[in-house]
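**Student:**
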Amino acid sequence: MRDGEPRRLGDLAERGYLIGLDCRRCGRNRLLSPWRMFPQQSPATPWRWLRFRCESCASADVLVRIGTAAQLAERPQPLYEREDLLAILTEAIHTSLIYGGESLPITRDRARKVADTVLRRLMAAGISVSEPKP
Ligand SMILES: [Zn+2]
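Numbered by this note's numbering, the letters in the sequence shown go through residues 3 to 136 in order.
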């Protein structure tokens, strides 16, 4: 733990920090004000004790970070937003798959949609290639 890092929910609220939640399974991202936690949580609660579930996919594999809105804007990149991976997969799918007979290859747009689906399913299966940037 870094020196001076706030430990309790009340410390986060005093500093104007937010809680950043990033689902590692579906990529959903949310910012939460510590003030909204106080009906259920004490200001003395260490924020690292908190556990969250994703509102979209119900996964408990949620990265919890703290910081200002600007600091939290730098978030982990979901696999399906990685242009490098999308380009590799799109190219492979576009050149390898034939749809509806030999003379009708799938379009590049369609190949990109398939690539997007593949990356989302890899994330849902727990494949994590993305890292939060420091
Ligand atoms: Zn999720």
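Glycine included, each C-beta is placed from N, C-alpha and C at the ideal position.
Note down the Cα distance separating K135 from S58, rounded to an integer number of angstroms.
**Tutor:** With a pLDDT of only 48 at K135, under 50, the local geometry of the prediction cannot be trusted, and the value read off the model is given with reservation. In a straight line, the C-alpha of K135 is about 23 Å away from that of S58.
**Student:** Quick one: measure Cβ to Cβ for M125 and R32, integer angstroms, because I've assumed they're closer than 8 Å.
**Tutor:** Not confirmed; about 16 Å, so no contact.
**Student:** Mapping DSSP to helix, strand and coil, what is P63?
**Tutor:** Just to set this straight, residue 63 is Asp in the shown sequence, not Pro. Coil, per DSSP.
**Student:** Would you kindly report the start and end of the unbroken beta strand (DSSP E) that includes L34?
**Tutor:** Residues N31 to L34.
**Student:** Report the residue from R110, I68, Q43 and E85 whose alpha carbon sits nearest the alpha carbon of I95.
**Tutor:** Of R110, I68, Q43 and E85, the residue nearest in Cα terms is R110.
**Student:** Between which residues of its own chain and L87 is the CB-CB distance below 7 Å, once the five residues before and five after are set aside?
**Tutor:** Result list for L87: L81 and L121, in chain order.
**Student:** For I68, write down the residues that DSSP places opposite it in a beta bridge.
**Tutor:** Paired residue(s): I21.
**Student:** CA-CA distance, R55 and V64?
**Tutor:** Each residue's Cα considered, the two are about 7 Å apart.
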